[in-house]
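Position 52, counted from 1, in the sequence shown is what the numbering used here calls 52; the numbers after and before it change by one each time, with no gaps. Glycine is no exception: its CB is placed at the ideal position from the N, C-alpha and C atoms. Below you'll find the structure, written out as structure tokens, and then a few comments.
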Amino acid sequence: MDEKRVLKEFSDAGALLDGHFVLSSGLHSSRYLQCARALMDAKRAARLCKALAKNVQELISKPIDLVVSPAMGGVIVGYEMGRQLGVPAIFLERVDGEFTLRRGFDIPKGTRVLMVEDIVTTGLSSREAIAAIRAAGGSVVGAACLIDRSSGKAKIGVKLASLTQLSVPAYEAGKLPPELAAIPAVKPGSRGLK
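Written out as structure tokens, the structure reads:
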């Protein structure tokens with residue numbers, strides 16, 4: 001699936017938004033991808049994740065035993081990636097700001113894990129999730145996301161497969177261009193949810 005088709009899937013779902021957004025990384029952007037809207041249609045989620053699973057299999061040559069994703073944004077894409085790859089899928093949740101396994105989930109020592117999330121911007125959530133997976137005993141063989149907003153610049157410590165790399169500038173709060181600063185900011189992400 002090429003970039004044009006991926007973005008059309010998001011656009012058709014009303015998931016490609018323009019305005020002034022505060023990303024979960026704290027950076028500001030004029031464009032936001034609302035993955036939950038794109039993935040709420042099960043057929044669209046299957047199409048996107050089938051294409052992503054193909055990219056994963058081409059990039060990551062190691063077997064995968066388990067998909068682990070960070071809640072909230074990674075839950076749906078993680079589940080669908082598990083389905084596409086034919087392996088179980090579980091998720092991490094934040095407790096006191098740290099990713100942890102809950103709900104009876106565990107990762108047996110040496111389990112080969114693919115960490116999956118919706119969007120990668122700075123890679124912080126990916127690095128935190130990977131650290132939690134390793135601390136639980138998993139061996140992270142790679143990572144995957146629908147959209148890599150870093151255009152390949154995020155360093156997460158493992159190979160990252162994506163459907164597309166999207167170059168959308170993101171700015172620190174004190175360094176906004178005037179046209180973005182003139183628009184009231186909206187914070188649609190889930191990082192600060194309790």
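Quick one: what's residue i bridged to in DSSP?
{"i": "A143", "result": "M115 and L160"}
{"i": "Y171", "result": "H28"}
{"i": "E93", "result": "T100"}
{"i": "D148", "result": "V120 and Q165"}
{"i": "L52", "result": "Its beta-bridge partners do not exist; DSSP assigns none."}
{"i": "V68", "result": "I90 and M115"}
{"i": "V186", "result": "F21"}
{"i": "L33", "result": "L16"}
Verify whether the separation of the beta carbon atoms of residue i and residue j is less than 9 Å.
{"i": "G14", "j": "R37", "result": "yes"}
{"i": "G138", "j": "I107", "result": "yes"}
{"i": "D65", "j": "V140", "result": "no"}
{"i": "L163", "j": "M1", "result": "yes"}
{"i": "Q187", "j": "V75", "result": "Contrary to the premise, residue 187 reads as Lys rather than Gln in this sequence. No, they are not a contact pair."}
{"i": "S125", "j": "S24", "result": "yes"}
{"i": "L85", "j": "A53", "result": "yes"}
{"i": "C49", "j": "R83", "result": "yes"}
{"i": "L39", "j": "V6", "result": "no"}
{"i": "T121", "j": "L27", "result": "yes"}
{"i": "A161", "j": "N55", "result": "yes"}
What residue does the alpha helix (DSSP H) around residue i start on, and which one ends it?
{"i": "F10", "result": "E3 to D12"}
{"i": "I76", "result": "V75 to L85"}
Let's see if you can read the secondary structure: which residues bound the beta strand (DSSP E) around residue i?
{"i": "P196", "result": "Absent from the model: residue 196. The displayed extent of the chain is 1 to 194, so no value can be given."}
Open item on the list: Whether or not the segment 125 to 136 and the segment 89 to 106 are in contact is what I'm after, with contact meaning three or more pairs of Cβ atoms, one per stretch, closer than 8 Å; do they touch?
Closed with: yes
Task: Stretch-stretch touch, CB-based, cutoff 8 Å, three pairs: the segment 82 to 93 with the segment 52 to 70 - done: yes
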